[in-house]
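Trainee: Dumping the structure here so I can ask a few things about it.
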Amino acid sequence: MSFYSGVFIGITLGIGLVIAFARYGNIRSRRRADLAKTVAAFARLTVEDSRKILPAQFYPNWVVFSERQKLTWLNLQLDKIWPYVDEAASELIRTNLEPILEQYRPAILDSLKFSKFTLGTVAPQFTGVSIIESESDARGVTMELEMQWDGNPNIKLDIKTRVGVALPVQVKNIGLTGVFRLIFKPLVNDFPCFGAVSYSLREKKKLDFTLKIVGSDISTIPGISDAIEGTIRDAIEDSITWPVRKIFPILPGDYSDLELKPVGTLEVKLVQAKDLTNKDVIGKSDPFAVLFIRPLHDRTKTSKTINNQLNPVWNEHFQFIVEDASTQHLTVRIFDDEGIQAPELIGCAKVPLKDLKPGKVEDLWLNLVKDFEVQRDTKYRGQVHLELLYCPFGTESSFKNPFDPEYSMTCLEKKALKSGADGREVGDLGKTTKQKKSNVIVRGVLSVTIIAAEDLPAVDLIGKADPFVVLIMKKSETKAKTRVLTNTLNPAWNQTFDFVVEDALHDMLILEVWDHDTFGKDKIGRVIMTLTRVLLEGEFQDSFPLDGAKSGKLYLHLKWIPDLKFRET
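The opening residue of the sequence shown carries number 386 in the numbering used here; numbering runs sequentially from there.
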């Protein structure tokens, strides 16, 4: 009996132990899973998340970031060594900055050099540190440092103007807030474990400074203050602002792969501007445009000047090299030509290239502002009209480029290139690329149907109008006119006109709506358009608002029939 009792007790204990061990194993497994989830959650925490969880006093000194951005351990050390940094770096910065300023020196200045340069006694403050994991891998590490500097440097410039006037200018009250990017690449086995370090100003949040002529007021000399300030801003914008980067080799090696390289081209058609602010006391402004992606002299494009006009029409085409479409932007500045004096800024606008779809022509009207950095005023300064096409390298053959005959040609036109107009062979297509733009004209017939107008403003005493439309091809100055329709604000013409266009890439169609009177005529409004859209689409119908009119729009149908033509040489 005792034997069976012992067996029963043993089996019972054994089963109990097995159940206990199994349950304990399940508990350990759940704890491990929960711990893994917790570790993963902490791994995803950002600095901002950690600030919400723990007060700043619980952080070690080297990761304290208070709301008022007090000194961290890094800032404390920087404060200690700043006098030595100032002494060691001031002359180095000065010798490197002078050639850069010379590159961006405006035409009204003859020379621009430093007579004194020190960084002052106030050190920059680092307010944030982060590792960019999306751009860090086995080949390199990318770090970003947010920096704020309200410095008291002693910077004096010796400036000479074209007319021989010498000006000692002091740069004061510098304030800079931005994010600097450091790239440690490539990673190697030798100390310090990376071959080179690149740095760049990834984001410029604020840049303020004041200029003062020693012993005088710089505002008493027209144009000088804006020219110097523009030079300094352009130099900073283009010399260290991303995607431009400075590369310092740490170990011997070839680091050419870290340098900035072109990734595509931006085709720009400067069409027109309207309602520009008048800068002249007598007459009207004489506007011209300056366009750039990087404000280097050899990469800046300038349009022709349109005299005495607040609604200039340029219709000029420019091409720019793009190095980083995700961060770069096109800048347009409209100036009033003042003759021998410095041109006066009317307004400026910019277009981020990341907003452009590769291969698609973007038709944009941009409002002009006084300044990108600080909106000094918000008054209306006019608008500028652009057509933009971004072409990444390697994709040129996959879409039409209406600004370049090489890509806008049809298969028949490309075949025609291989044989001259009289049947003679002109050579391989690939060998004549440079000749195409000069030898080929995009020629054809433009068919324009004036369908109707709607909601025209009343110009007659009886509250009606007697409208008609004048059609003008700008380059050839060919004109046509619809019939006059009496006593209507919603005329329907349905008239078609054909124009032989000799160079569609550089021509424009202007449509002016007039009111017919017995003793004259009154202009109601106008529509100005390039031929880009009809070249791309071949045929389209759309409505267009009337410029210069309180209301009204014009309904049009356009059709393009191409006919390749060779330029006579």
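Where is the CB? At the ideal position from N, CA and C, for every residue including glycine.
Helix, strand or coil: how does DSSP classify residue 958 here?
Mentor: This structure does not reach residue 958, given that the chain is present from 386 up to 954, and the question cannot be answered.
Trainee: Check each candidate in 661, 681, 764, 559 and name the one with the smallest Cα separation from residue 624.
Mentor: Counted from its first residue, the sequence shown places residue 624 at position 239. Taking only the C-alpha atoms, the option nearest residue 624 is 681.
Trainee: Can residue 686 and residue 695 be called in contact, C-beta distance under 8 Å?
Mentor: Numbered from 1 along the sequence shown, position 301 holds the residue referred to as residue 686. Numbered from 1 along the sequence shown, position 310 holds the residue referred to as residue 695. Contact flag unset, no.
Trainee: Is residue 469 helix, strand or coil by DSSP?
Mentor: Locating residue 469 in the sequence shown gives position 84, where the first residue counts as 1. In the structure shown, residue 469 sits in a helix (DSSP, three-state: H, G or I).
Trainee: Sort out for me which residues DSSP pairs residue 539 with in a bridge.
Mentor: As a first step, residue 539 must be located in the sequence shown, where it is residue number 154. Its beta-bridge partners are 503.
Trainee: Quick one: what's got a C-beta closer than 7 Å to residue 490's C-beta in the same chain, skipping five residues either side?
Mentor: Taking the first residue of the sequence shown as 1, we reach residue 490 at position 105. Correct list, in chain order: 497, 616.
Trainee: Where in the stretch 686–732 do unbroken runs of the alpha helix (DSSP H), each at least 4 residues long, occur, reported from the N-terminal end onward?
Mentor: Within the stretch 686–732, no complete alpha helix (DSSP H) run reaches 4 residues.
Trainee: For the stretch 508–528 against the stretch 543–555, do three or more pairs of beta-carbon atoms, one drawn from each stretch, fall closer than 8 Å, so that the two count as touching?
Mentor: Not touching, per the Cβ criterion.
Trainee: Verify whether the separation of the beta carbon atoms of residue 643 and residue 711 is less than 8 Å.
Mentor: For this step, residue 643 is matched to residue 258 along the sequence shown. For this step, residue 711 is matched to residue 326 along the sequence shown. No, the pair does not count as a contact, with Cβ atoms beyond the cut-off.
Trainee: Suppose you measure from the CA of residue 868 to the CA of residue 922; what does that come to, to the nearest Å?
Mentor: Taking the first residue of the sequence shown as 1, we reach residue 868 at position 483. Taking the first residue of the sequence shown as 1, we reach residue 922 at position 537. Spanning the two alpha carbons is a distance of roughly 29 Å.
Trainee: Under 6 Å Cβ to Cβ from residue 510, same chain only, skipping five residues before and after it: list those, please.
Mentor: Here residue 510 is taken as the residue at index 125 of the sequence shown, counted from 1. The residues are 460, 533.
Trainee: Mind reading off the beta-carbon distance from residue 649 to residue 707? Whole number of angstroms is fine, and I expect it under 8 Å.
Mentor: Against the sequence shown, residue 649 aligns to sequence position 264. Against the sequence shown, residue 707 aligns to sequence position 322. At roughly 5 Å, the Cβ-Cβ gap stays under 8 Å, so residue 649 and residue 707 are in contact.
Trainee: Given this structure, state the Cα-to-Cα distance separating residue 646 from residue 709, to the nearest angstrom.
Mentor: In the sequence shown, residue 646 corresponds to position 261, counting from 1. In the sequence shown, residue 709 corresponds to position 324, counting from 1. Between residue 646 and residue 709, the C-alpha separation is close to 8 Å.
Trainee: Apply the 10 Å Cβ neighbour rule to residue 885 and answer buried if 16 or more other Cβ atoms are within range, or exposed otherwise.
Mentor: Against the sequence shown, residue 885 aligns to sequence position 500. It is exposed - the Cβ of residue 885 has fewer than 16 other Cβ atoms within 10 Å.
Trainee: To the nearest angstrom, how far is it from the Cα of residue 636 to the Cα of residue 546?
Mentor: For the purposes of this step, residue 636 is identified with residue 251 of the sequence shown, where counting begins at 1. For the purposes of this step, residue 546 is identified with residue 161 of the sequence shown, where counting begins at 1. Cα-Cα distance, rounded: 44 Å.
Trainee: Since residue 839 is in the beta strand (DSSP E), which residue starts that stretch and which ends it?
Mentor: Along the sequence shown, one-based indexing puts residue 839 at 454. 829–839 is the extent of the beta strand (DSSP E) around residue 839.
Trainee: Tell me where the beta strand (DSSP E) around residue 513 begins and ends.
Mentor: Here residue 513 refers to the residue found at position 128 of the sequence shown. That run of the beta strand (DSSP E) goes 510–516.
Trainee: Within the chosen definition, does the stretch 559–566 reach the stretch 585–595 through at least 3 CB pairs nearer than 8 Å?
Mentor: Yes, the stretch 559–566 touches the stretch 585–595.
Trainee: Is it true that the stretch 717–731 meets the stretch 659–676, where meeting means three or more beta-carbon pairs spaced less than 8 Å apart?
Mentor: The stretch 717–731, when compared against the stretch 659–676, does touch it at the 8 Å Cβ threshold.
Trainee: Where does residue 574 sit, in a helix, a strand or coil, going by DSSP?
Mentor: By 1-based counting over the sequence shown, the position of residue 574 is 189. Three-state DSSP puts residue 574 in coil, outside helix and strand.
Trainee: Residue 654 and residue 915 - do their beta-carbons sit closer together than 8 Å?
Mentor: Residue 915 sits at position 530 when you count from the first residue of the sequence shown. Residue 654 sits at position 269 when you count from the first residue of the sequence shown. Closer than 8 Å, so yes.
Trainee: Assign residue 578 to buried or exposed, taking buried as 16 or more other Cβ atoms, counted over all protein chains shown, within 10 Å of its Cβ.
Mentor: Taking the first residue of the sequence shown as position 1, residue 578 is located at position 193. Result: exposed.
Trainee: Given a cut-off of 8 Å on the beta-carbon distance, is the pair residue 837 and residue 844 in contact?
Mentor: Within the sequence shown, residue 837 is the residue found at index 452, counting from 1. Within the sequence shown, residue 844 is the residue found at index 459, counting from 1. No.
Trainee: With burial defined as no fewer than 16 other Cβ atoms inside 10 Å of the residue's Cβ, what is the status of residue 853: buried or exposed?
Mentor: Numbered from 1 along the sequence shown, position 468 holds the residue referred to as residue 853. So residue 853 ends up on the buried side.
Trainee: By how many angstroms is the C-alpha of residue 671 removed from the C-alpha of residue 692?
Mentor: Along the sequence shown, read from residue 1 onward, the residue named residue 692 stands at position 307. Along the sequence shown, read from residue 1 onward, the residue named residue 671 stands at position 286. Between residue 692 and residue 671, the C-alpha separation is close to 4 Å.
Trainee: Tell me which same chain residues have a C-beta within less than 8 Å of the C-beta of residue 488, skipping the five on either side of it?
Mentor: Position 103 of the sequence shown, counting from 1, holds the residue named residue 488. 620, 681, 682, listed in sequence order.
Trainee: If I'm right that residue 506 touches residue 537 with Cβ under 8 Å, what's the distance once you round it to whole angstroms?
Mentor: Counting from one through the sequence shown, the residue named residue 506 turns up at place 121. Counting from one through the sequence shown, the residue named residue 537 turns up at place 152. Confirmed, about 6 Å.
Trainee: In whole angstroms, what is the alpha-carbon distance linking residue 499 and residue 540?
Mentor: As a working note, residue 499 is residue 114 in the sequence shown. As a working note, residue 540 is residue 155 in the sequence shown. Roughly 7 Å separates the two Cα atoms.
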